[in-house]
Amino acid sequence: MDQLQDTIVAIATPVGAGGVGIVRLSGPDAIRILAALTRRDEASFESHKLRLLPIYRPNSDEVLDKALAVAFRAPHSYTGQDSAEVQAHGGPLVLQRIVRAAIELGARQAEAGEFTLRAFISGRMDLSQAEAVADLISARTAPAAGLAAEQLTGRLAADIAHIEEDILTTLAQIAVGVDFPDDQDAPDNSAIIARVKATIADIDRLLLHADEGRLYREGLRVALCGAVNAGKSSLLNALLGAERAIVTDEAGTTRDTIEEMIDLDGMPLLLIDTAGFRDTDGKAERLGIDRSRRAAAEAQLLLIVIDAAEDIPEETQRLMDNTTGRPRIIVLNKADLVSEMDILWMRQRFDNTCGTTGDAVVAISAKQGEGIRQLLNCMRAILIESGVAAGRQARISNIRHQQALLRARESLSEALAALNAGMLPDVAGIDIENAYTAVGEVSGKTASAEVLTAIFSRFCVGK
Ligand SMILES: Nc1nc2c(ncn2[C@@H]2O[C@H](COP(=O)(O)OP(=O)(O)OP(=O)(O)O)[C@@H](O)[C@H]2O)c(=O)[nH]1
Ligand SMILES: [Mg+2]
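All residue numbers in the sequence shown are consecutive under my numbering, ending with 586.
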């Protein structure tokens, strides 16, 4: 994967027909190949300037397309290498033929993520930025895209670079050696201690809300749970404003969990419709119910859906008993079937059974779309109160980064303990070096080949 001397080629746009499709080249021969494809002089390609030219099949007068051709001369390109693009008509066959022509002229088919890998290797971006590219492409909500875009701009990269520099300075200071005050045997570690403390504080600032940031990036999980026929799937559809899940009056309609993302005023929510709880002999349904329990256990917010026109089933009561204290909303559905007095009475009943914690209770009609806005407001309020909404401000939203920084912090704490105990700074130096290695995994400076392979294989070909 690391043969930078190869010139690579790939289709950069999605598979299928489109208005425009882009073939991308990067490597020492990229511009020569572009010149050969267009039968122009290589020197005639000014960097970053589009030209409308016929694209020829090599060794033939056959024209493959009339397209926009552009060269990007190193280092001013995405990969930092000489690069080129052909912006052709977006038919899959046209694009494949242009790729094949480029291969005939000496390029090689690019592997997944290879363009971005080159950008990383040539220092155009650090590893956290390269990861942000993949996150941005795969983001399913505007807030997740926002987190990725911010990381792509290099704010995290700059913070990490700053921490790396600080650690290197501390190591340099240790290497120079410390003074032993005349009248004491113990070294004066105070300057180094202050430096290590400051670095720990910087790392802590970065790690603030990292747990929430991760949840935020993946979507805050909201599980719709309750007995069969309570109207969970109807509620999912009402929240989505689309007929996503099948709704019938048969108990046990939903067998498998159904997940859909929504954007609630900038909060990414992963709504999970589940199989209704009940005793059943059906194998598939039982497995589905197991999944429901798992979804309920992992959710950041539970919507416990209750059919207001029925008695509360035993299973639902058990679910409520098992989830007291967790962020949840009791959703009294089918409010259209009962009187306002009934709803009032039920509300009171929940206040009694749930004690002073006072569950949030919202009455709705999923079928008629009533009370949905109130429910959304209540969901937002509870998510904010529970703290997960703070993920929006998180600087770290990736578990790999979080773990690397936690390891760095641990090593620095050990160094601090040694320094405080009056040991020679050299002893702490080993821990501080370990901290440097851990931080470098975020920027990629010290990331292993396995880590790099794992990260770049997540990309699509052409990125
Ligand atoms: N009157 C009324 N009927 C509703 C309402 N919500 C759902 N229903 C009806 O209740 C029945 C069950 O609805 P579903 O949404 O399939 O219920 P569910 O909880 O997903 O059921 P399972 O998937 O079997 O667990 C359907 O006939 C719906 O039309 C409502 O607000 N009012
Ligand atoms: Mg259902």
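For each residue, glycine too, the CB sits at the ideal point set by N, CA and C. Computed from a predicted structure; not experimentally measured.
Within its chain, find whatever has a CB closer than 6 Å to the CB of residue i; leave out the 5 residues flanking it on each side and keep chain order.
{"i": "ALA253", "result": "THR239 and PHE243"}
{"i": "THR136", "result": "GLY144 and ILE145"}
{"i": "SER99", "result": "In this structure the chain extends from 124 to 586, so residue 99 is not present and cannot be described."}
{"i": "LEU460", "result": "ALA432"}
{"i": "SER200", "result": "SER206"}
{"i": "ASP152", "result": "THR130 and GLY229"}
{"i": "ASP599", "result": "Any answer about residue 599 is impossible in this case: the structure gives the chain only from 124 up to 586."}
{"i": "ARG193", "result": "Note on residue identity: the sequence assigns Val, not Arg, to residue 193. Same-chain partners within the cutoff: LEU173 and GLU208."}
{"i": "GLY336", "result": "GLY514, ALA517, ILE519 and SER520"}
{"i": "HIS524", "result": "VAL565"}
{"i": "GLY478", "result": "A caution first: GLY478 carries a pLDDT of 49, below 50, which makes its placement in the model unreliable, though a value can still be read off. Closer than 6 Å at Cβ, skipping near neighbours: no residue."}
{"i": "PRO450", "result": "LEU424, ILE505 and SER509"}
{"i": "GLY563", "result": "THR569"}
Less than 7 Å between the CB of residue i and some heavy atom of ligand 2, yes or no?
{"i": "ALA262", "result": "no"}
{"i": "LYS355", "result": "yes"}
{"i": "ASP413", "result": "no"}
{"i": "GLY399", "result": "yes"}
{"i": "THR377", "result": "yes"}
{"i": "ASP396", "result": "yes"}
{"i": "ALA230", "result": "no"}
{"i": "ALA197", "result": "no"}
{"i": "ALA368", "result": "yes"}
Does DSSP classify residue i as helix, strand or coil?
{"i": "HIS332", "result": "coil"}
{"i": "ALA513", "result": "helix"}
{"i": "MET464", "result": "helix"}
{"i": "ALA538", "result": "helix"}
{"i": "ASP396", "result": "strand"}
{"i": "GLY545", "result": "coil"}
{"i": "LYS189", "result": "strand"}
{"i": "ALA265", "result": "helix"}
{"i": "ARG155", "result": "helix"}
{"i": "MET248", "result": "coil"}
{"i": "SER170", "result": "strand"}
{"i": "ALA194", "result": "strand"}
{"i": "ARG231", "result": "strand"}
{"i": "TYR179", "result": "strand"}
{"i": "GLU366", "result": "coil"}
{"i": "GLU408", "result": "helix"}
{"i": "GLU533", "result": "helix"}
{"i": "VAL565", "result": "helix"}
{"i": "VAL138", "result": "coil"}
Closer than 8 Å by C-beta to residue i: which residues in its own chain qualify, once you throw out the five before and the five after it? Chain order, please.
{"i": "ARG409", "result": "THR403"}
{"i": "ASP554", "result": "SER534, LEU535, GLU537, ALA538 and ALA541"}
{"i": "MET384", "result": "ARG263, THR264, GLY342, PRO391, LEU392, LEU393 and LEU394"}
{"i": "LEU359", "result": "LEU347, ARG367, ALA368, ILE381, GLU383, LEU394 and ASP396"}
{"i": "GLY375", "result": "VAL351, ALA398, GLY399, ARG401, THR403, GLY405 and GLU408"}
If you follow the beta strand (DSSP E) that residue i is in, where does it begin and where does it stop?
{"i": "SER149", "result": "141-149"}
{"i": "HIS212", "result": "206-213"}
{"i": "ILE453", "result": "451-456"}
{"i": "ARG386", "result": "In the sequence as presented, Arg is not what sits at residue 386; that position holds Asp. It spans 381-387 - the beta strand (DSSP E) in which ASP386 sits, taken as one unbroken run."}
{"i": "GLY349", "result": "343-349"}
{"i": "ALA483", "result": "483-486"}
Which same chain residues end up closer than 7 Å to residue i when comparing Cβ atoms and leaving out the 5 residues on each side of it in sequence?
{"i": "ASP388", "result": "ARG503"}
{"i": "ALA158", "result": "ASP164, GLU165 and PHE168"}
{"i": "GLU438", "result": "ALA350, PHE400 and ARG401"}
{"i": "GLU556", "result": "LEU294"}
{"i": "ARG378", "result": "ALA398, ALA407, GLU408 and GLY411"}
Quick check: is any heavy atom of ligand 1 less than 7 Å from the C-beta of residue i?
{"i": "ALA374", "result": "yes"}
{"i": "VAL351", "result": "yes"}
{"i": "VAL454", "result": "no"}
{"i": "VAL345", "result": "no"}
{"i": "GLN491", "result": "yes"}
{"i": "LYS457", "result": "yes"}
{"i": "LEU498", "result": "no"}
{"i": "VAL428", "result": "yes"}
{"i": "LEU410", "result": "no"}
{"i": "SER488", "result": "yes"}
Taking the alpha helix (DSSP H) that residue i belongs to, which residues open and close that run?
{"i": "ILE429", "result": "Run containing ILE429: none in the alpha helix (DSSP H); it sits in the beta strand (DSSP E), 424-430."}
{"i": "LEU442", "result": "437-445"}
{"i": "ILE134", "result": "Where ILE134 is concerned, there is no enclosing alpha helix (DSSP H), although the beta strand (DSSP E) it sits in stretches over 131-134."}
{"i": "ASP282", "result": "278-299"}
{"i": "GLU573", "result": "572-579"}
Chain D beta carbons: is any one of them nearer than 8 Å to that of residue i?
{"i": "ARG328", "result": "Among the protein chains of the structure shown there is no chain D, as only one such chain exists."}
### Query
Would the region 334-343 and the region 263-270 be scored as touching if the rule is three or more Cβ pairs under 8 Å?
Output reads yes: the region 263-270 touches the region 334-343.
### Task
Examine the Cβ distances between the region 128-135 and the region 205-225 and report whether three or more of them are shorter than 8 Å.
Contact between the region 128-135 and the region 205-225 is present, because at least three Cβ pairs lie under 8 Å.
#### Entry: Inter-stretch contact (C-beta, 8 Å, three-pair minimum) for the region 341-356 and the region 320-331
The region 341-356, when compared against the region 320-331, does not touch it at the 8 Å Cβ threshold.
### Inter-stretch contact (C-beta, 8 Å, three-pair minimum) for the region 276-293 and the region 491-500
Too few Cβ pairs lie closer than 8 Å, so no.
### Task
Pair every Cβ in the region 419-429 with every Cβ in the region 442-454, then say whether three or more of these pairs are closer than 8 Å.
With the cut-off at 8 Å, the region 419-429 and the region 442-454 touch.
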